[in-house]
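**Q** Numbered by full-length UniProt numbering, the letters in the sequence shown go through residues 1 to 414 in order.
For every residue, glycine included, the Cβ atom is placed at its ideal position computed from N, Cα and C.
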Amino acid sequence: MINIEEANKKAVENMMEARPVVVGVAPAMDVIPGMKDNLLLHAGPPVTWERMAGPMKGNMIGALLFEGKAKDAKEAEAMLASGEFEFAPCHDYASVGPMAGVISPKMMVYIVEDQVFGNKAFSGLNEGRGKVMRMGAYSDDVIQRMDWLNNVLGPTVDAALKSSGGVDLRSLLGKALHMGDDGHNRLDAASILFTSQLAAHVAKVAKNSDVAFDVLKFMAENALTILNPVMAGCKTASMASHGVEGSTVVSIMARNGTDFGLKVSGLGDRWFTAPAPHVKALYFAGFTEKDANPDIGDSVITETTGIGGFAMAAAPAIVTFIGGTAQDAIRTTLDMYEITTAEHKYYTIPYLDFRGTPTGVDIRKVVEKQLPPRVNTGVAHKDPGVGQVGAGVVSMPMSAFEDALIAFADKYGI
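#1: With distances taken from CA atoms, which of Ile-318, Ala-28 and Glu-84 is nearest Asn-376?
#2: I need the DSSP call for Gln-388, collapsed to helix, strand or coil.
#3: How is Met-231 classed by DSSP in three states: helix, strand or coil?
#4: Could you give the DSSP three-state label for Phe-287: helix, strand or coil?
#5: Considering only the alpha carbon of each residue, which of Glu-368, Val-367, Lys-57 and Gly-306 lies closest to Glu-343?
#6: Assuming contact is defined by CB atoms lying nearer than 9 Å, are Val-202 and Val-215 in contact in what I supplied?
#7: So, are the CB atoms of Gly-118 and Tyr-346 less than 9 Å apart?
#8: Can you give me the C-alpha to C-alpha distance between Thr-241 and Glu-13, rounded to a whole angstrom?
#9: Should Glu-303 be labelled buried (16 or more other beta-carbon atoms within 10 Å of its own) or exposed?
#10: For Leu-149, count the other beta carbons within 10 Å of its own beta carbon; 16 or more makes it buried, fewer makes it exposed. Which is it?
#11: Please name the residue, chosen from Ala-94, Val-132 and Lys-9, that lies closest to Val-379 on a Cα-to-Cα basis.
#12: Any heavy atom of the ligand MN inside 8 Å of the beta-carbon of Gly-54?
#13: Return helix, strand or coil for Asn-119, following the three-state DSSP convention.
#14: Would you check if there are 3 or more beta carbon pairs closer than 8 Å linking the segment 162-170 to the segment 12-31?
#15: Taking buried to mean at least 16 other C-beta atoms within 10 Å of its own C-beta, is Gln-388 buried or exposed?
#16: Run through the segment 69-102 for me and flag every whole alpha helix (DSSP H) of 4 or more residues, listed as ranges in chain order.
#17: Return the chain-ordered list of same chain residues with a C-beta closer than 7 Å to the C-beta of Ala-220, the five sequence neighbours on each side being excluded.
#18: For Gly-154, report the span of its alpha helix (DSSP H) as first-last.
#19: Give the DSSP-derived three-state secondary structure of Thr-305 in the structure shown.
#20: If you reduce the DSSP assignment to three classes, tell me which class Phe-194 lands in.
#21: Suppose contacts are defined by Cβ-Cβ distances below 9 Å. Is Gly-62 in contact with Tyr-110 by that definition?
#22: With three or more C-beta pairs closer than 8 Å as the rule, is the segment 262-269 touching the segment 139-146?
#23: So, for Met-253: in the same chain, excluding its five sequence neighbours on each side, which residues have a beta-carbon less than 6 Å away from its beta-carbon?
#24: Whether or not the segment 392-400 and the segment 274-281 are in contact is what I'm after, with contact meaning three or more pairs of Cβ atoms, one per stretch, closer than 8 Å; do they touch?
#25: Does any CB atom of chain C fall closer than 9 Å to the CB of Gly-83?
#26: Please work out which residues of its chain come closer than 6 Å, Cβ to Cβ, to Ser-247, disregarding the five sequence neighbours upstream and downstream, and give them in chain order.
#27: If we call anything under 9 Å between Cβ atoms a contact, is Val-112 one with Met-60?
#28: What are the boundary residues of the alpha helix (DSSP H) that Tyr-412 is part of?
#29: State the CB to CB distance for the pair Leu-198 and Leu-153, rounded to an integer number of angstroms; the pair is presumed to be in contact (CB under 8 Å).
#30: Let's see if you can read the secondary structure: which residues bound the beta strand (DSSP E) around Asn-376?
#31: Quick one: what's Leu-41 bridged to in DSSP?
#32: Can you tell me the Cβ-Cβ gap for Ala-223 and Ser-251, rounded? I've got them flagged as a contact below 8 Å.
#33: Would Gly-314 pass as a contact of Thr-288 if the rule is Cβ separation under 9 Å?
#34: Would you please state the rounded distance, in angstroms, between the beta carbons of Lys-69 and Met-79? I believe it to be under 8 Å.
#35: Please report the straight-line C-alpha distance between Thr-225 and Tyr-412, rounded to a whole angstrom.
#36: List, from N- to C-terminal side, the beta strand (DSSP E) runs of 3 residues or more that fit wholly inside the segment 294-342.
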């Protein structure tokens, strides 16, 4: 007879004890196991070209332009529709990607190593907010920025990380939550901490002072500089929690703009999916909900492992970006304690008397209380080529959790 409580305790303990450290930056082809020249990784559960959301198609087009495999968007789209390329979830390759989340072979990715369990995870370089490739944009200026990020910033940061000995993300995030971050959409403090830890090393290893200036300026001005390595760090924590027999803890949540998907620790590699929900958002000037694509991205791996929307009580100022009130942020965190199995050992919330963040979503509690996980997220335009149009809060679809619970009962004869 399985002991679900003990299994969940082990899964969540592993999740919390994982100690991710950013150790380097390298081309995806060189470091992601199984990566090959015709493989394009994407956010969320599996999806075909025909079913891909507009921003994901835009990111795919941008990836081929960046790689030099297509001369223009029309040629790229024809190649992507031809069957010449394989598409697969980032999550199935120990990787994560924000929003459309595309990783192509030549793209530089952060390498994050879990110092406790030995897992490695990967995520690309962050472009900032607005008109960016991960939001589906692919104009010349977007591709030029990607070229600079991959050819200048990436190698410089890699050398700086090696010079510094790496950056401990668990320690950094613990500090950032005490400085008003949530670990997902509000990473102002974490990005500053990350940049400051690397600044002296960037100055030491950069080819010249102009490169050092440009790299540090970009990192300092981009409040999401650390989002991608944080996501990869959360991925290592989720990997540590996965595969515990008899556990009802969710180890992956992700969206591709068409579907939401989740995996459960005790149910192997099966995806449980449902239609991606629409985000209740605060829109940028000139855009409305009619412009918005449904929820998209792997960044909900942060909530899966106890930060992001689950830690919004630590970051009430985030409502200036996603809408709502400070009380809404606090209420979200309090609600999430109802569907999780533990309070995080290392991520605590000053406003709640340093209570640990709610960690380890339990599918039983979600279904019993009819209370789905709530996350904060960016919103991409529904059409390829446009980019970000807002940000907001969204609840994950109940049916995926219900299907997972039925499968769990079937597998374990409950």
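**A** The answer reads as follows:
#1: The shortest C-alpha separation from Asn-376 is found at Ile-318.
#2: Gln-388 falls in the strand class under three-state DSSP.
#3: In the three-state reduction of the DSSP assignment, Met-231 falls in the helix class.
#4: DSSP, reduced to helix, strand and coil, places Phe-287 outside both helices and strands of the structure shown, so it counts as coil.
#5: If we check each option's Cα against that of Glu-343, Gly-306 comes out closest.
#6: Yes, these two residues count as a Cβ contact at 9 Å.
#7: Result no, Cβ atoms of Gly-118 and Tyr-346 do not sit closer than 9 Å.
#8: Residue identity differs from the one stated: residue 241 is Ser in this sequence, not Thr. For Ser-241 and Glu-13, the distance between alpha carbons rounds to 8 Å.
#9: That one is buried.
#10: Its Cβ being crowded by 16 or more others within 10 Å, Leu-149 is buried.
#11: Per the Cα distances, Val-132.
#12: Ligands in the displayed structure: none, and consequently the ligand MN is not present.
#13: Here Asn-119 carries a coil assignment [DSSP, helix/strand/coil].
#14: Yes, since at least three Cβ pairs between the segment 162-170 and the segment 12-31 fall closer than 8 Å, the two stretches touch.
#15: Buried: at least 16 other Cβ atoms inside 10 Å.
#16: Counting whole runs of 4 or more residues, the segment 69-102 contains the alpha helix (DSSP H) stretches 73-81.
#17: The beta carbon of Ala-220 sits closer than 7 Å to the beta carbons of Thr-195 from its chain, once the five residues preceding and following it are set aside; these are given in chain order.
#18: Here the alpha helix (DSSP H) through Gly-154 covers 154-164.
#19: Looking at Thr-305 - three-state DSSP - the assignment turns out to be coil, as it is neither helix nor strand.
#20: Phe-194 sits in a helix when the DSSP states are folded into three classes.
#21: For Gly-62 and Tyr-110, no; Cβs fall outside 9 Å.
#22: At 8 Å Cβ cutoff, the stretches do not touch.
#23: Contacts found: Leu-262, Val-300 and Thr-304.
#24: Three or more beta-carbon pairs separated by less than 8 Å link the segment 274-281 to the segment 392-400, which places the two stretches in contact.
#25: No chain C is present in this structure, which holds just one protein chain.
#26: Once the five neighbours on either side are set aside, the close Cβ partners of Ser-247 are Ala-7, Asn-8, Ala-11, Ser-265 and Gly-266.
#27: Contact flag unset, no.
#28: Judged by DSSP secondary structure, Tyr-412 falls within the alpha helix (DSSP H) whose first and last residues are 398-412.
#29: About 11 Å separates the two Cβ atoms, so there is no contact after all.
#30: The continuous beta strand (DSSP E) containing Asn-376 extends over residues 374-380.
#31: Per the DSSP secondary-structure output, Leu-41 pairs in a beta bridge with Ala-88 and Ile-103.
#32: Taking a contact as a CB-CB distance under 8 Å, the pair Ala-223 and Ser-251 does not count as one, their CB atoms being some 28 Å apart.
#33: Here residue 314 is Ala; the residue named in the question, Gly, does not match the sequence. Between Ala-314 and Thr-288, the CB-CB gap reaches or exceeds 9 Å.
#34: That belief holds up - the Cβ atoms of Lys-69 and Met-79 are roughly 7 Å apart, short of 8 Å.
#35: Cα to Cα, Thr-225 sits roughly 43 Å from Tyr-412.
#36: Listed in chain order, nothing qualifies, since the segment 294-342 has no complete beta strand (DSSP E) run of 3 or more residues.
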